[in-house]
Each structure stands twice: as structure tokens, then as C-alpha cells.
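Let me begin by presenting the structure, written as C-alpha cells, before commenting on it.
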Amino acid sequence: MKNNPLDHDQASSSPSSMEPKLENGGHSSTPQQDLERQGDSDLMPVPSLVLSNGIPDPVASTTAQPEGGWIAWMAGIISGRLTDAGYFRITTIIGAFLVVFGTFMTSLSQTYWQILLAQGLCTGLGNGLLLTPMMTLITTYFKRRLPLVMGIAACGSTTGGLIYPSMARMLLPTIGFGWTMRAMGFIQLGTFAIALVSGVPRQSPRKSGPIIDWSVFGEAAFTLYLLGAFLAFLGVFFPFFFLSSYAREKQGLSYIDSLNLTLVLNGIGFPARLIPSFIARHTGTMNVFIAFLFSSALCGVQSLFLAVVTIINSDMSKIGARLGIISAGVGIGALLGSPISGAIISASGGSYVGAQIFSGSTLVVGGLFVLASREMKRRQEGQGLWMKL
1 MKNNPLDHDQ ASSSPSSMEP KLENGGHSST PQQDLERQGD SDLMPVPSLV LSNGIPDPVA
61 STTAQPEGGW IAWMAGIISG RLTDAGYFRI TTIIGAFLVV FGTFMTSLSQ TYWQILLAQG
121 LCTGLGNGLL LTPMMTLITT YFKRRLPLVM GIAACGSTTG GLIYPSMARM LLPTIGFGWT
181 MRAMGFIQLG TFAIALVSGV PRQSPRKSGP IIDWSVFGEA AFTLYLLGAF LAFLGVFFPF
241 FFLSSYAREK QGLSYIDSLN LTLVLNGIGF PARLIPSFIA RHTGTMNVFI AFLFSSALCG
301 VQSLFLAVVT IINSDMSKIG ARLGIISAGV GIGALLGSPI SGAIISASGG SYVGAQIFSG
361 STLVVGGLFV LASREMKRRQ EGQGLWMKL
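The UniProt record's numbering applies: residue 1 is where the sequence shown begins, and numbers increase by one.
What follows is the structure, given as C-alpha cells:
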């Protein structure tokens, strides 16, 4: 867009409750059917917008991201509690509507404040109303297979992280920004419809209680895990945000090749999410999560961090609220991590070393807090040091 970056009618060549009996499957369908329709379909349009940040669309990926992030994590706390109270269906319907509506409104936006309202407020709020309820629902259907199920569901973000950037690259030069965003909106509409039809709550509602379960902060294992997850996610998304710019500036790759590298990173997310989840089923979710934190295996961290909550959670009737709290902590960490890394790079005159050290250090320190959380849980269980946890 040569004259006005928000002129979307032009084509552009610029890139831009009582604890229920847990079973290993759904009420009337197989685990695979529950997963593919409910988890993967719903997660594809949501976190994938983060994973595709190395391939920015004009204006939208850079303007409203901080505002949308804050709104999303705050909404996640509320939506988790609403799910516990029995309002899963209405919460997710509203969330899906807001994401799709915000995407279509972004396609019509001409000014910064319009994009702020459409993508920051509308889409951010919708994301927060979707992610925690859907992940909460999955935890009520599975126990032994939960890590693997979470990993498969998390692959939805990888799917979107491949599809949306590829769409942007192919469609922006031919049909322009407006219709590119509308095409993405139609895909979101279809995937959300599948998820909303197949998602059926099975846990008895917990009507009483505050929106935020403050009592959980009296549980040492949970509090330590929350701190560890927050610190770790300060560094988790560093490669996803800076890989393409690092490849161009430090390795001499062309713009197109640097974008392809980001697509490769997202594509690796399929095995990198499934393999840790499979291992966790046999050796313990928390054990694998800690190992992957210390080894900076980022996709494994992303696929397991919510599954760990079911290990340290002491009351399944509050699982939605507690997943919301963890999601909020992780969201704040992810939201702050990339700007901090960017500031370090800028202050270092374009060197990435300081930001790399920062991101790696946050993963290690976060891992130490999670290790302490595991030790607290192990002592509560009265088990040996090498217990499957």
C-alpha cells in the first residue's frame, strides 16, 4: 500500500463442582473425535495469531497486540470461573462471535483507533472467552490420556500458525488487506462452528464462590507453579517473534527466506507438541514439563503447561478458575517478554545476545520454581523423589 497502509481496497505486495468420574474419552464419541473437533478446531484461530507474528500483516499485527493481550488474559480469568459455574456454552459462543466480528471489522478499519477496537478489544476479549473454557472442558473428559490430548489440541495453534501467514503471503498482493482479513474470518467462523457443536460440558456446575479463587494462593505448590510459568513464558515466545528478523539481520537471509524459516518453526510444532505429550503419559506430566523448561524445548512447554495444573489442582470443581489464573500468569509473561527482549536488542545496538540470555535465563529460573512446586506436591503425596508426577 503505497499511499495509505490502511487502504484495504488496494492489493499490496508488502508483507505484512464434585469431582466427576474421569474417563478416557467422551460421552458418546472416541477421544480422537472429541479432540479433533473440539480442541483443534477451536485453538487454531486463537494462539496461532501469536505464532504467526514473524509474518506480520500490514498494521494489524503490530498495533493492537499489547491491548488485546491484556484484555485476553483478564477475560481468561472470568471465563474459567464462568465455565465452572455452568456457562460454558454461552461464554464460548460470545467469544467466537467476538473473534470473528473483530476480524471482519479489522478488514474495514482505516485508522489506529478502529484497529484498536476491532483487533485489540473485540478479538482480544473473544480469545480470552474461548481458550480457558475449551481447555477446561478437555480436562473433564480425560485423565490418563490428558497430556496427549492437550498436545493434540495445542497442535491447532500450529495449524493456524501455518495457514494464516501463508494466506497473508498469497492473498495480500492480489486481493489486498481487507479481503485477506475477511478470508481469515470465514475460516475462523467454520472452525469455531465445529468446536461449539462438539463441545458438551459434563461437570456439575459450581455456582457459589468468588470470580477469582483467592484461596488457591494459600497452596504452595500452585503458587510456585504460577510464578514459574510466568517467568518461563517471559522467554518462550522470543524465537517466534524474532526469528525472521534475526535471520535477515544476522544471517543474511532474504525476506522471503526468513518468513519461510518462521513457517518451518511453526511446522515443527506438530511433532514437538505431540512427542512430549506422549512421553508425559508414561513418565509424568510435571516431570517432562520441567525437563523441557531446562532444555528450552518451547513447543513442549506450550503443550503441557495447562496439563500440569490438573496435577497440582486439589479440587476439580474449581479447575476452570485455576486454569484461568495460570493462563493469566502465562499471558502476562508472554505479553511482557517480547517487548523486554526488543528493548534489550535496541539497547544493545541490534545485538541479539542479551535478549537470548534473558530469554534462556527466564526459562531456567521458571524451571526452578516449577521444580520447587513439584517438590511441594511430592511431599504432600508422601512419595519418593522419582515419583511419576
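Quick reminder that beta carbons are idealized off the backbone N, C-alpha and C, glycines included.
Asked, Found
"Segment contact flag, the region 363–380 with the region 258–271, C-beta cutoff 8 Å, min 3 pairs", "no"
"Separation of Arg-206 from Ile-55, as counted between CA atoms", "Unreliable placement is indicated for Ile-55, whose pLDDT of 36 sits below 50; the coordinate value is still reported in the next sentence. Between Ile-55 and Arg-206, the C-alpha separation is close to 42 Å."
"Cα-Cα separation between Ile-311 and Asn-287, rounded to whole angstroms", "11 Å"
"Residue interval of the alpha helix (DSSP H) (run including Cys-299)", "298–312"
"Three-state secondary structure (DSSP) of Pro-133", "helix"
"The alpha helix (DSSP H) enclosing Met-376, as first and last residue numbers", "353–381"
"Alpha-carbon spacing of Gly-160 relative to Arg-273, whole angstroms", "14 Å"
"Cut-off 7 Å between Cβ atoms - residues of its own chain near Leu-336, not counting five sequence neighbours on either side", "Leu-234"
"Runs of alpha helix (DSSP H) wholly within the region 94–132 (minimum 4 residues, chain order)", "112–115"
"Among Ile-152, Ile-212 and Val-330, the one whose alpha carbon lies nearest that of Val-236", "Val-330"
"Local conformation of Leu-265 per DSSP, three classes", "helix"
"C-beta neighbour in chain C for Ser-109, strict 7 Å", "Protein chain content of the structure displayed is limited to a single chain, and chain C is not contained in it."
"Endpoints, the alpha helix (DSSP H) within which Leu-385 is located", "Taken as a continuous stretch (DSSP letters only), Leu-385 belongs to no alpha helix (DSSP H), as it is neither H nor E."
"Delimiting residues of the alpha helix (DSSP H) encompassing Ala-85", "Where Ala-85 is concerned, there is no enclosing alpha helix (DSSP H), given that its DSSP letter is neither H nor E."
"Distance between Ala-372 and Gly-384 (C-alpha atoms, nearest Å)", "15 Å"
"Exposed unless 16 or more other CB atoms sit within 10 angstroms - verdict on Ala-297", "buried"
"Proximity below 7 Å, CB of Leu-304 to CB of Thr-285", "yes"
"Residue range of the unbroken alpha helix (DSSP H) whose run includes Asp-177", "Strictly speaking, residue 177 in this sequence is Phe, with Asp absent from that position. Taken as a continuous stretch (DSSP letters only), the alpha helix (DSSP H) holding Phe-177 covers 146–198."
"Closest Cα partner of Ser-107 within the set Met-184, Ile-78, Ala-96 and Arg-89", "Met-184"
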